[in-house]
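K.L.:
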Ligand SMILES: Cc1ncc(COP(=O)(O)O)c(C=O)c1O
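If you want it as structure tokens, here you go:
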């Protein structure tokens, strides 16, 4: 349906209590191939369904069917530009009271979308005074709507203080991630990122970068706790995420990262990621779902199945 017709009621449970789970998926337009490539939709929908399980929200379609619905959405919009896809599932009962019931609803929205952060010259990041939410309070790995109050507080704080983006420490004082992205550091020749038990979202871009670093740069990524002061002594620092892509940090807390210029590893990974997401590298075509070729694919069958069930 047209976006302006998609409405929720003022008493919707998720609006008051944050009881929704969302995803963020990108599709990249490749001008030479005249093709739109959706990036790792299967993994995004698998993660979404798993995360919905944490809040006991039921999305009654398989990841394959959801990929089919997303393809259909792209084709009906006839997008010929970069696109952001926002699936959201939520507790939809319209009443007062925090206890949840089995009334769930979901939607998938697709919008033309450019750069999320302008990081061509590198970002100035600031460590936020807000700590990352703890797994036993609200799981950061679950992309729960209410959890993003934590990200909003940190982003707002550091932006008002003149920085471009926030870096969270977790309750142990270790570096966790950005407000909406994971973080990588290059130090003593090693590429390092916090492990998935450090109260971070298990990013799909993070996973892609680990594979690209290994295959393209022959670098093994080390997953370990990162101390705050390591940020001030490292050789390179960058953020990764569906919205931000790979965003190099050139200053952190008013200190230059090495010489204050974008480092060679971030640059190489940016190039490889760009090529991989536009279908230029055969080895990573496995990540991509092309929108306009193969109109009679199994995915189309999934669309018809989904439409029949919705009807
Ligand atoms: C808090 C947080 N960390 C990390 C990420 C990066 O995850 P992904 O690469 O799957 O987009 C996101 C974005 O979804 C996020 O919101």
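Numbering (the numbering used here), first residue to last: 128 to 438. Positions of the beta carbon are idealized from the N, C-alpha and C atoms, including for glycine. Since the model is a prediction, treat every value here as computed from it, not as a measurement.
Using the Cα positions of residue 163 and residue 310, report the straight-line distance between them to the nearest angstrom.
P.N.:
27 Å
K.L.:
Quick one, which of 414, 346, 219 has its alpha-carbon nearest residue 331's?
P.N.:
414
K.L.:
Go through its chain and collect everything with a Cβ distance to residue 144's Cβ below 8 Å, but skip five positions before and after it.
P.N.:
218, 225, 273
K.L.:
Counting Cβ pairs, one atom from each stretch, are 3 or more of them under 8 Å apart for the region 301–320 and the region 350–361?
P.N.:
Yes, the region 301–320 is in contact with the region 350–361.
K.L.:
Tell me whether residue 402 sits in a helix, a strand or coil according to DSSP, three-state version.
P.N.:
helix
K.L.:
Can you tell me which of the three DSSP states residue 195 falls into?
P.N.:
helix
K.L.:
Going along the chain, which residues of its own chain have a beta-carbon closer than 7 Å to the beta-carbon of residue 317, five neighbours each way excluded?
P.N.:
349
K.L.:
For residue 261, does the three-state DSSP call read helix, strand or coil?
P.N.:
coil
K.L.:
Please report the straight-line C-alpha distance between residue 440 and residue 369, rounded to a whole angstrom.
P.N.:
Any question about residue 440 goes unanswered here, given that the chain covers just 128 to 438.
K.L.:
Am I right that residue 406 and residue 160 are in contact with their C-beta atoms under 8 Å? What's the rounded C-beta distance?
P.N.:
6 Å
K.L.:
Who are the Cβ neighbours of residue 288 in its own chain at under 7 Å, not counting the five residues just before and after it?
P.N.:
Excluding residues within five positions, the ones whose Cβ falls inside 7 Å are 253.
K.L.:
So, helix, strand or coil for residue 301, using DSSP?
P.N.:
strand
K.L.:
Are residue 209 and residue 155 close, meaning C-beta to C-beta below 7 Å?
P.N.:
In contact: residue 209 and residue 155 (Cβ atoms closer than 7 Å).
K.L.:
Look at the alpha carbon of residue 338 and the alpha carbon of residue 221, and state the distance between them as a whole number of angstroms.
P.N.:
It is roughly 44 Å from the alpha-carbon of residue 338 to the alpha-carbon of residue 221.
K.L.:
Between residue 328 and ligand 1, is the CB less than 6 Å from at least one heavy atom?
P.N.:
yes
K.L.:
Among the residues of its own chain, which have a CB less than 6 Å from the CB of residue 285, if the five just before and after it don't count?
P.N.:
Within the same chain, residue 285 has close Cβ partners 253, 255, 293.
K.L.:
Could you give the distance in angstroms between the alpha-carbon of residue 440 and the alpha-carbon of residue 321?
P.N.:
Lying before the first or after the last residue shown, residue 440 is absent from the chain, which here runs from 128 to 438.
K.L.:
Measuring only from the beta carbon, is residue 196 closer than 6 Å to any heavy atom that is part of ligand 1?
P.N.:
no
K.L.:
Just to confirm my understanding: we take residue 148, look at its own chain, exclude 5 residues before and 5 after, and list those with CB closer than 8 Å. What are they?
P.N.:
The beta carbon of residue 148 is closer than 8 Å to those of 175, 178, 179, 181, 182, 184, 215, 216, 217, 269, 270, 271, 272 in its chain, skipping five residues each way along the sequence.
K.L.:
Could you check which residue in 207, 325, 378, 382 has the C-alpha nearest to that of residue 419?
P.N.:
Comparing Cα-Cα distances from residue 419 to each of 207, 325, 378, 382, the minimum goes to 207.
K.L.:
Measure the alpha-carbon distance for residue 187 versus residue 381 and round it to whole angstroms.
P.N.:
48 Å
K.L.:
Taking the straight line between their C-alpha atoms, what separation do you get for residue 201 and residue 128?
P.N.:
13 Å
K.L.:
Grab me the residues of residue 142's own chain with a C-beta within less than 8 Å of its C-beta, minus the 5 sequence neighbours each way, in chain order.
P.N.:
135
K.L.:
Hey, is residue 277 close to ligand 1, as in C-beta under 6 Å from one of its heavy atoms?
P.N.:
no
K.L.:
Which residues in the same chain as residue 228 place their Cβ atom closer than 6 Å to its Cβ, once the five residues preceding and following it in sequence are excluded?
P.N.:
220
K.L.:
Taking the straight line between their C-alpha atoms, what separation do you get for residue 131 and residue 157?
P.N.:
29 Å
K.L.:
For residue 305, count the other beta carbons within 10 Å of its own beta carbon; 16 or more makes it buried, fewer makes it exposed. Which is it?
P.N.:
With 16 or more Cβ atoms within 10 Å of its Cβ, residue 305 is classed as buried.
K.L.:
Along the alpha helix (DSSP H) that carries residue 176, what are the first and last residues, could you check?
P.N.:
168–181 is the extent of the alpha helix (DSSP H) around residue 176.
K.L.:
Check the Cβ-Cβ distances between residue 224 and every residue of chain B, and say whether any is below 7 Å.
P.N.:
Within the model displayed, chain B is absent; a lone protein chain is all it includes.
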